[in-house]
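Residue numbers (the numbering used here): 31 to 110. Written below as C-alpha coordinates is the structure these notes are about.
Okay, here's the thing in C-alpha coordinates:
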(Lines of atoms letter the chains of each structure in order from A and count residues from 1; the text may use other names and numbers.)
(Lines give C-alpha, C1' and ligand atoms only; values in the text may rest on other atoms or scores of the structure.)
Protein backbone atom coordinates (compact mmCIF):
# COMPACT_ATOMS: atom_id res chain seq x y z
CA UNK A 1 0.00 0.00 0.00
CA UNK A 2 2.90 2.36 0.73
CA UNK A 3 4.16 1.81 -2.80
CA UNK A 4 0.83 2.89 -4.27
CA UNK A 5 0.78 6.01 -2.12
CA UNK A 6 4.32 6.79 -3.24
CA UNK A 7 3.39 6.38 -6.90
CA UNK A 8 0.34 8.59 -6.35
CA UNK A 9 2.47 11.34 -4.78
CA UNK A 10 5.01 11.07 -7.61
CA UNK A 11 2.24 11.41 -10.20
CA UNK A 12 0.84 14.43 -8.38
CA UNK A 13 4.29 16.06 -8.40
CA UNK A 14 4.61 15.38 -12.13
CA UNK A 15 1.16 16.89 -12.72
CA UNK A 16 2.13 20.01 -10.77
CA UNK A 17 5.28 20.40 -12.87
CA UNK A 18 3.42 19.71 -16.12
CA UNK A 19 0.68 22.17 -15.17
CA UNK A 20 3.28 24.84 -14.52
CA UNK A 21 4.81 24.26 -17.96
CA UNK A 22 1.44 24.44 -19.70
CA UNK A 23 0.60 27.58 -17.73
CA UNK A 24 3.79 29.24 -19.00
CA UNK A 25 2.87 28.21 -22.54
CA UNK A 26 -0.54 29.84 -22.14
CA UNK A 27 1.03 33.29 -22.20
CA UNK A 28 -0.08 35.36 -25.23
CA UNK A 29 3.61 36.05 -25.84
CA UNK A 30 4.15 32.32 -26.44
CA UNK A 31 0.93 31.14 -28.08
CA UNK A 32 0.32 33.66 -30.82
CA UNK A 33 -1.24 31.75 -33.70
CA UNK A 34 -4.59 30.02 -33.94
CA UNK A 35 -2.80 26.68 -34.35
CA UNK A 36 -0.81 27.28 -31.16
CA UNK A 37 -4.01 28.22 -29.30
CA UNK A 38 -5.67 25.00 -30.49
CA UNK A 39 -2.66 22.99 -29.29
CA UNK A 40 -2.84 24.79 -25.95
CA UNK A 41 -6.54 23.98 -25.64
CA UNK A 42 -5.80 20.29 -26.31
CA UNK A 43 -3.07 20.32 -23.65
CA UNK A 44 -5.33 22.02 -21.12
CA UNK A 45 -8.14 19.57 -21.81
CA UNK A 46 -5.82 16.57 -21.44
CA UNK A 47 -4.40 18.03 -18.21
CA UNK A 48 -7.93 18.47 -16.89
CA UNK A 49 -8.71 14.81 -17.55
CA UNK A 50 -5.63 13.72 -15.60
CA UNK A 51 -6.19 16.26 -12.82
CA UNK A 52 -9.73 15.03 -12.24
CA UNK A 53 -8.30 11.83 -10.78
CA UNK A 54 -5.84 13.59 -8.48
CA UNK A 55 -6.41 14.27 -4.81
CA UNK A 56 -3.76 17.00 -4.65
CA UNK A 57 -5.25 20.50 -4.22
CA UNK A 58 -2.31 22.03 -6.15
CA UNK A 59 -3.23 19.97 -9.19
CA UNK A 60 -6.85 21.10 -8.97
CA UNK A 61 -5.83 24.76 -8.59
CA UNK A 62 -3.65 24.51 -11.69
CA UNK A 63 -6.55 22.88 -13.53
CA UNK A 64 -8.77 25.86 -12.72
CA UNK A 65 -6.09 28.36 -13.75
CA UNK A 66 -5.41 26.53 -17.01
CA UNK A 67 -9.08 26.27 -17.90
CA UNK A 68 -9.37 30.04 -17.42
CA UNK A 69 -6.60 30.61 -19.97
CA UNK A 70 -8.55 29.01 -22.80
CA UNK A 71 -11.87 30.69 -22.13
CA UNK A 72 -12.66 33.36 -24.70
CA UNK A 73 -12.27 36.89 -23.43
CA UNK A 74 -15.45 38.90 -23.78
CA UNK A 75 -15.26 42.50 -24.80
CA UNK A 76 -17.84 45.13 -24.03
CA UNK A 77 -18.88 46.96 -27.16
CA UNK A 78 -20.88 50.14 -26.78
CA UNK A 79 -22.90 51.57 -29.60
CA UNK A 80 -23.92 55.16 -29.92
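Idealized CB from N, CA, C, for every residue including glycine. Since the structure is predicted, the reported quantities are computational estimates derived from the model, not experimental observations.
Residue i versus residue j - alpha carbon distance
i: residue 39; j: residue 86; result: 8 Å
i: residue 67; j: residue 61; result: 6 Å
i: residue 104; j: residue 97; result: 15 Å
i: residue 99; j: residue 74; result: 9 Å
i: residue 163; j: residue 72; result: No answer is possible for residue 163: the residues shown for the chain start at 31 and end at 110.
i: residue 41; j: residue 57; result: 25 Å
i: residue 33; j: residue 43; result: 15 Å
i: residue 63; j: residue 110; result: 33 Å
For residue i, the nearest candidate out of the options (CA to CA)
i: residue 93; options: 51, 103 and 32; result: 51
i: residue 54; options: 43, 70, 106 and 34; result: 70
i: residue 82; options: 31, 46, 63 and 108; result: 46
i: residue 35; options: 84, 77 and 59; result: 84
Cβ distance (whole Å) where residue i is taken to contact residue j below 8 Å
i: residue 49; j: residue 89; result: 7 Å
Boundaries of the alpha helix (DSSP H) in which residue i is found, first to last residue
i: residue 42; result: 32-55
i: residue 94; result: 87-99
i: residue 74; result: 64-81
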